[in-house]
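Asker: Below: one structure in structure tokens.
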Amino acid sequence: MVAAKNGSLLCTLLTLIANLLIPVSIIIFAIGFFPYKPFLPGLAEYESIEYGPPPDAPFDKVIFMVVDALRSDFVYAENSGFEITQNLIREGSAIPFTANARSPTVTMPRIKAITTGSIPSFVDLILNFDEEDTSSSLAAQDTWLAQLRAKQLGKLLMFGDDTWLKLFPDTFDRHDGTSSFFVSDFTEVDNNVTRNIAGELENEDWGLMVLHYLGLDHIGHKSGPRSPNMVPKQTEMDGIVGTIYEAMRDKDHLASTLLVLCGDHGMNDAGNHGASSPGETSPALVFMSPKFKDISPGFSAPTKPKDEFEYYSKVEQSDLAPTIAALLGFPISKNNLGMVIPDFLEFWPEARDRIQILVRNARQILTIVTAAFGPELFEESAKVDPCALDRSDVTELACGWRQISQQANDLVAVNELNPAWVLSMSNWLRKAQDLMSSMASNYDMSKLILGQGLAVIAILASAAAAGVQGTFTVGSLTPFISVSALYGLMMFASSYVEEEHHFWYWTTTLWFAWLASRDIHRKRQLSTVMGQISTLTALRLLRGWNQTGQKYAGEPDIVKLFLVRYPQLLWILSGIMYAFVAFRLLSGLQGLPLVVATTLTSVLISAAFSFKLAFTAEDSPELVVGLVKTLSDNFQGQSLLSRARLVFFLLSVVYAVGIYKSLHKGQPTSSSAPTLLHHAYTLLAMTQSRAVNIPLFLVFSIIRSTLESVELSVIEISTISILLQYTSFFAFGGSNAISSVDLSSAYNGISGFNVVAVGFLTLVSNWAGPIYWTSATNLLLLQKHRKGDKMVFRHHLSLLTLFMTVSVAFVMAACTALRTHLFIWTVFSPKYLYSMAWSLGQHLLVNVGFGSLLFWLGAR
């Protein structure tokens with residue numbers, strides 16, 4: 000008895016140590032892996048060089064129009080709604096490009112690249128989701144906005160995505176910001192921008208007008224790039240281009256205005272972004288002005304892409320910064336890695352002016368290069384000839400600089416421009432850009448090693464906790480160990496990380512097939528056979544519900560083939576699920592007066608269903624047809640905000656009843672409390688999930704019903720819990736790409752940004768399935784607890800902790816070993832962020848925190 004008690008305490012202590020080490024190791028590793036990059040402070044100034052004063056600028060104002068997620072084909076392809084823009088391209092008033100937006104393809108890092116010309120830190124991806132963050136400000140950095148203000152060309156205006164206000168505090172003289180995270184809004188978020196344009200086009204006091212439209216991006220998130228709303232939105236944006244261009248052509252004070260139309264990033268076939276697929280990294284970029292007719296012969300439009308989404312010439316998104324600097328006549332930002340786009344050199348007829356622009360660009364980048372590698376090889380007076388040294392990226396760069404700088408001096412002397420020299424200079428600039436971009440991460444190896452070491456210690460502690468119990472045999476642990484080890488090894492292959500869902504789908508299917516065969520062999524009953532077949536069928540439905548990953552994200556699946564085409568089927572299945580939850584909630588409310596229980600249940604279910612109906616009518620109106628359309632129209636009146644708050648309030652009442660029943664074990668109905676809490680969460684998860692995913696909870700209920708009839712050991716329950724948590728995450732459409740993060744329900748019941756509330760709702764929205772299986776696992780564990788296994792939850796928690804520590808350690812090891820890999824920022828870094836979410840959110844908050852609370856309430 001004493002030995003068992005001591006073993007129990009030791010198991011608890013070791014599990015506690017392991018769980019405390021998880022966040023510590025993750026944070027330390029993250030600090031070393033995602034450091035802020037240093038930047039050169041202060042504003043750049045024109046250096047006095049031998050080629051004379053800086054050339055005159057052809058423009059004195061700039062209208063910078065960002066259409067969020069404006070993929071290249073949206074503007075240039077045959078089915079585009081940008082007819083006015085295409086006409087301007089044909090007549091030579093617009094010069095088109097495809098920009099290369101480097102990963103991560105989310106707004107904040109892209110705006111940093113556009114305005115500084117540098118390669119942002121990957122940590123900006125995390126900060127992009129925090130609307131209250133100010134640490135990522137560009138107020139102290141050199142940008143073309145700061146240069147515009149220093150040149151005093153006029154006031155700076157901004158209308159649209161308030162990310163600009165966060166990045167540039169106290170920079171804009173007039174502004175009207177809108178939040179980028181209310182992704183259900185296609186119209187108002189853009190109308191708030193457009194309403195400012197007409198008045199400002201009459202004003203003469205500004206030098207910059209930033210317009211950042213969000214509606215097209217929201218349509219992509221909701222319905223994908225082929226949404227019926229997409230072309231009308233493109234036409235709307237094109238109309239704004241036409242309005243601005245007409246004013247530039249007709250108004251004297253706008254005669255020297257440059258209009259830049261661009262996307263901050265593109266989108267993939269599923270309508271999302273954040274990763275590195277060609278669609279996500281290929282936004283459109285168009286420079287427009289009547290002045291371009293003097294230098295552009297015009298281009299065919301619409302046109303065909305050269306390679307997937309590559310239309311016309313391809314440039315780096317960071318090339319925008321030096322190009323705008325040249326066209327408006329101010330120094331290139333100090334931290335710029337972009338190059339002036341050669342197509343615009345025609346504006347300066349003098350050869351010495353064109354040479355000077357390119358040489359100033361090269362010397363500015365050379366400052367960054369020499370700061371990294373030292374000036375010795377790049378100085379003209381260097382004793383060592385870099386061309387004679389062993390070949391390397393640095394010596395090649397130094398050799399190339401020596402050659403083109405000498406040629407520049409010769410060309411200026413005769414005031415002639417050799418096209419071969421321009422090509423050599425462009426190639427040198429691109430090489431310097433690629434070299435410095437590849438060095439964008441300065442890893443802190445000591446922190447990487449420390450974080451990894453703490454993760455290994457956490458593995459040892461959790462393994463010891465599992466071993467102390469002495470109840471697991473090698474045979475029983477084999478499936479668990481195999482899943483953990485195979486999953487860890489997968490982290491070293493980029494393709495496996497991108498398509499991780501296949502591992503969980505097939506592993507879960509094999510595990511359940513083995514359990515089914517064992518159960519059928521033991522019982523030899525027809526009901527058992529039918530139950531196991533229904534479970535395997537349910538797993539097959541999970542696999543096909545939502546296409547995910549990278550390769551086939553936009554391919555047909557159950558949602559696209561059946562629910563979107565036949566929305567009546569969606570609402571029949573959803574109605575069944577709501578009715579099922581209503582019945583179970585009513586059953587769980589035994590002990591309350593019948594009229595109270597019935598009223599509470601009916602009002603809660605009605606409120607939840609009407610909210611989901613109204614939300615879907617706003618979010619995906621094509622799904623609300625027929626009878627449900629009539630119901631939705633009858634429910635009109637209340638706002639989505641008040642509807643959601645009513646649902647959350649009534650759910651809190653149900654939770655309070657469940658907790659009260661759990662704490663008063665003398666009541667005959669107290670045994671139903673855990674089930675009541677489980678179904679209350681199910682309704683919360685349904686509220687936070689997209690309508691097309693609500694039938695998945697019906698599939699989950701089929702699987703859970705079968706599991707309750709099977710005799711399972713603790714190790715088997717823990718293995719099932721892990722498998723179904725991950726399988727359900729991917730079945731809901733999750734992936735290891737940031738583009739799959741669903742923010743559509745992050746503001747349910749919230750009128751403004753609150754980091755705790757939005758964070759909680761985002762977690763429930765994206766991990767609705769895994770949290771469900773945490774709760775469902777708790778019911779299975781309580782079954783064993785009632786049969787006399789008092790250590791069941793401690794055993795289970797030690798196994799979950801062991802799996803999580805192993806997975807975290809393997810992800811860290813993969814990121815460290817592959818830190819120079821081509822896909823480190825596009826595949827492995829996002830995976831690390833998801834590993835953080837799984838370990839800190841799903842494991843510590845849900846499995847440990849929420850799971851412990853549920854089990855304690857049920858086992859009292």
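Residue 635 in numbering that gives the first Met the number 0 is what sits at position 636 of the sequence shown, and the numbering runs on without skipping anything. The beta carbon of each residue, even a glycine, is placed where N, CA and C say it ideally should be. Computed from a prediction, not measured in an experiment: that's the story for all the values here.
(1) Would you mind working out which of S79, P348, A813, G198 sits nearest P227, comparing C-alpha positions?
(2) Could you check what DSSP says for S134 in three-state terms: helix, strand or coil?
(3) Pick from A283, L622, A613, D618: whose alpha carbon is nearest that of F634?
(4) Is it buried or exposed, H842, if we count other Cβ atoms within 10 angstroms and call 16 or more buried?
(5) What residue does the beta strand (DSSP E) around F63 start on, and which one ends it?
(6) Bridge partners for I94 per DSSP, in chain order?
(7) Where I74 and L538 are concerned, what is the direct C-alpha to C-alpha distance, given to the nearest angstrom?
(8) Within 10 angstroms of the Cβ of N747, are there 16 or more other Cβ atoms? Answer buried if so, exposed if not.
(9) Give me whichever residues DSSP pairs with E315 in a beta bridge.
(10) Looking at C-beta atoms only, is the number of pairs between the stretch 649-659 and the stretch 609-627 that lie closer than 8 Å three or more?
(11) Assign Q151 to one of three DSSP states: helix, strand, or coil.
(12) Quick one: using the 10 Å Cβ neighbour count with 16 as the cut-off for buried, is K305 buried or exposed?
(13) Skipping 5 residues on each side, what residues in its chain have a beta carbon closer than 8 Å to that of M863?
(14) Under a Cβ-count criterion, where at least 16 other Cβ atoms within 10 Å of its own Cβ denotes burial, should W505 be classed as buried or exposed?
(15) Please confirm whether G373 has its beta-carbon closer than 9 Å to some beta-carbon of chain D.
(16) Look at the alpha carbon of V496 and the alpha carbon of Y771, and state the distance between them as a whole number of angstroms.
(17) Within the same chain, show all residues whose beta-carbon is closer than 6 Å to that of R583, passing over the 5 residues directly before and after it, in chain order.
(18) So if DSSP puts Y159 in a beta bridge, which residue, or which two residues, is it bridged to?
(19) The beta strand (DSSP E) spanning L257 covers which residue range?
(20) Taking the alpha carbon of G452 as the point to measure from, which residue in A17, L13, S7 has its own alpha carbon closest?
(21) By the DSSP assignment, the alpha helix (DSSP H) with F827 in it spans what residues?
(22) Compute the Euclidean distance between the alpha carbons of T507 and H500, then round it to the nearest angstrom.
(23) Could you pull out every residue in the same chain whose Cβ sits closer than 6 Å to the Cβ of I448, ignoring the five residues on either side in sequence?
(24) Please report the straight-line C-alpha distance between V528 and T177, rounded to a whole angstrom.
(25) Pull up the CB-CB distance for N335 and S117, whole angstroms please, since I reckon it's below 8 Å.
(26) Is it true that the stretch 702-713 meets the stretch 680-692, where meeting means three or more beta-carbon pairs spaced less than 8 Å apart?
(27) Beta carbon of L622, beta carbon of L569: below 9 Å?
(28) Compute the distance between the beta-carbons of V698 and L540, then report whether it is under 9 Å.
(29) Just mark I532 as buried or exposed, buried being the case when its beta carbon has 16 or more other beta carbons within 10 Å.
(30) Can you tell me which of the three DSSP states G574 falls into?
(31) How many Å lie between A431 and G399 at the Cα?
(32) When the Cα of S481 is compared with those of F802, E345, M338, which residue comes out closest?
(33) Exposed or buried, what is S299 when buried is set at 16 or more other beta-carbons lying within 10 Å of its beta-carbon?
(34) In three-state DSSP terms, what is W427?
(35) Assuming V467 and L13 are in contact, meaning their beta carbons sit under 8 Å apart, how far apart are those beta carbons, in whole angstroms?
(36) Helix, strand or coil: how does DSSP classify G337 here?
Answerer: With the given structure in hand:
(1) S79
(2) Here S134 scores only 44 on pLDDT, less than 50, and its place in the model should not be relied on; the value that follows carries that caveat. Three-state result, S134: coil.
(3) A613
(4) buried
(5) 60-66
(6) F286
(7) It should be noted that the sequence gives Val, not Ile, for residue 74. The alpha-carbon atoms of V74 and L538 are separated by roughly 41 Å.
(8) buried
(9) N99
(10) no
(11) coil
(12) exposed
(13) A question about residue 863 goes unanswered here, because the residues of the chain that appear run from 0 up to 859.
(14) exposed
(15) This model lacks chain D altogether, as it is built from one protein chain only.
(16) 24 Å
(17) H678
(18) A small correction: the amino acid at residue 159 is Gly; Tyr does not occupy that position in the sequence shown. Answer is G176, H211, bridged to G159.
(19) 256-261
(20) A17
(21) Taken as a continuous stretch (DSSP letters only), F827 belongs to no alpha helix (DSSP H), as it is neither H nor E.
(22) 11 Å
(23) none
(24) 56 Å
(25) 6 Å
(26) no
(27) yes
(28) yes
(29) exposed
(30) helix
(31) 10 Å
(32) F802
(33) exposed
(34) helix
(35) 7 Å
(36) coil
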